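Laid out in structure tokens, this is it:
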């Protein structure tokens, strides 16, 4: 049975405390008037690039010149007020998507009746325990957005919708009530599966037959259908709709690839940590090797989707589509192309060699870069439409990362203490113990 060490527990509380301080500073530093916003911009220059002629996701184009009209000033105020909210939302969603990616991987292992992975099931179940607290936080941010506490989702502003025919045409889907109902259905379905599957997993350890295992197999196969549909819709709602004039038919798969590889990476990191502490004696280098193979393979899959989306839109050069990339290349050049290097070049070069996949410190180092890269992926998806060229990785962004790191560690490792880390009566447990590649 795993024991949540006091040192790790204290570390998680310190991270949360420092994170709360950083988040609070971010909100206190946000301007409350147009004059304050203009003063902030004057003190830091005009932004990161020349593409802020594109008022992406905010329903209209802004004129940039010597005279800044009232409409532009208000837009600038909303961008700067969005900075702490966007920083909080990016970090909240990033850590939530890790748990959601692990849930998908866990369900796939159950549905496939994989023989190599049962030794890792308790680790996966511990990580997916974050779905409840993480989901509550994300839902709270979405609800506050619907309540007009921020300007993250421009389609929630009645004044913008009143002057935008395109948003009026989407109002049947993009409206606050239906938006929150969908979010509740998504979260409810994911959490219900996780809790029921976990219950069956624990019951199997005390059972005299395989009935719980077989039922878990059936519900996992059914859940994957629900997951594929709801994950795509979630990506449209929670990320793509921050820029409601733009859409991509690949977007659901693209976000899935990001959360999937992030989730698998965290499984590897937690497994390596627990094994180093002596808690998973039967986990061997072949298990780590297979997790690293998934990290390698899904990184390539993510790159395939990224390039497919980028190349087709860039080549066709349709104005309403290419605007998405014009803004990111001009105003987010470093994080946009930097994340491609972190999410593709780095894992491919480091994990291509089979021996490196068995070297724990190599996998840990690569995993940290992959997680940082996919944080930047979500950053690049949210920030251009919410803060425009006023982005900066500063105190609210770092504070949000620290808070949710501590929050994630606390709930995951607390969940790991609730049951033995090694299943006893899984039909494939012996195969998993003797797995060698």
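Residue numbers (the UniProt record's numbering): 1 to 437. Every residue, glycine too, gets a C-beta built ideally from N, C-alpha and C. In this text the structure is predicted, and so the values were computed from the model without any measurement.
Residue i to residue j span [Cα, whole Å]
| i | j | result |
| --- | --- | --- |
| residue 271 | residue 399 | 27 Å |
| residue 300 | residue 260 | 12 Å |
| residue 37 | residue 112 | 54 Å |
| residue 196 | residue 117 | 19 Å |
| residue 263 | residue 428 | 23 Å |
| residue 320 | residue 159 | 22 Å |
| residue 226 | residue 41 | 46 Å |
| residue 78 | residue 284 | 52 Å |
| residue 406 | residue 268 | 18 Å |
| residue 185 | residue 154 | 23 Å |
| residue 392 | residue 74 | 20 Å |
| residue 282 | residue 136 | 35 Å |
| residue 382 | residue 15 | 24 Å |
| residue 331 | residue 287 | 42 Å |
| residue 419 | residue 413 | 11 Å |
| residue 310 | residue 304 | 10 Å |
| residue 430 | residue 422 | 11 Å |
| residue 144 | residue 364 | 36 Å |
| residue 201 | residue 417 | 15 Å |
| residue 165 | residue 173 | 14 Å |
| residue 34 | residue 341 | 38 Å |
| residue 328 | residue 223 | 35 Å |
| residue 432 | residue 297 | 21 Å |
| residue 64 | residue 390 | Because the pLDDT of residue 64 is 44, which lies under 50, any placement of that residue in the model is unreliable, and the number read from its coordinates should be weighed accordingly. Going from the Cα of residue 64 to the Cα of residue 390 covers about 15 Å. |
| residue 245 | residue 322 | 11 Å |
| residue 31 | residue 39 | 9 Å |
| residue 437 | residue 384 | 44 Å |
| residue 161 | residue 115 | 53 Å |
| residue 374 | residue 80 | 24 Å |
| residue 352 | residue 370 | 15 Å |
| residue 121 | residue 326 | 43 Å |
| residue 242 | residue 86 | 11 Å |
| residue 219 | residue 333 | 44 Å |
| residue 313 | residue 354 | 36 Å |
| residue 280 | residue 274 | 6 Å |
Three-state secondary structure (DSSP) of residue i
| i | result |
| --- | --- |
| residue 249 | coil |
| residue 363 | helix |
| residue 419 | coil |
| residue 82 | helix |
| residue 4 | coil |
| residue 33 | coil |
| residue 193 | helix |
| residue 318 | coil |
| residue 175 | coil |
| residue 380 | helix |
| residue 427 | coil |
| residue 147 | coil |
| residue 27 | helix |
| residue 354 | coil |
| residue 170 | coil |
| residue 110 | helix |
| residue 129 | coil |
| residue 277 | coil |
| residue 19 | helix |
| residue 298 | helix |
| residue 287 | helix |
| residue 89 | helix |
| residue 164 | coil |
| residue 324 | helix |
| residue 152 | coil |
CB-CB length for residue i against residue j, believed under 8 Å
| i | j | result |
| --- | --- | --- |
| residue 110 | residue 216 | 6 Å |
| residue 141 | residue 187 | About 13 Å separates the two Cβ atoms, so there is no contact after all. |
| residue 289 | residue 199 | 31 Å between Cβ atoms; not a contact. |
| residue 82 | residue 6 | Their Cβ separation, rounded to whole angstroms, is 39 Å, which puts residue 82 and residue 6 out of contact at 8 Å. |
| residue 366 | residue 346 | 7 Å |
| residue 403 | residue 20 | 6 Å |
| residue 156 | residue 148 | 7 Å |
| residue 168 | residue 425 | Going by Cβ atoms, the distance from residue 168 to residue 425 rounds to 58 Å, so no, they are not a contact pair. |
| residue 18 | residue 92 | 17 Å between Cβ atoms; not a contact. |
| residue 251 | residue 240 | 5 Å |
| residue 8 | residue 409 | 7 Å |
| residue 90 | residue 379 | 5 Å |
| residue 362 | residue 350 | 6 Å |
| residue 119 | residue 194 | At roughly 19 Å, the Cβ-Cβ gap does not stay under 8 Å, so residue 119 and residue 194 are not in contact. |
At least 3 beta-carbon pairs within less than 8 Å: the stretch 332-341 vs the stretch 222-235: no
Any 3 or more C-beta pairs closer than 8 Å across the stretch 387-406 and the stretch 21-31: Yes, they touch.
The stretch 124-140 contacting the stretch 97-108, beta-carbon criterion three pairs below 8 Å: The answer is yes - the stretch 97-108 touches the stretch 124-140, with three or more Cβ pairs under 8 Å.
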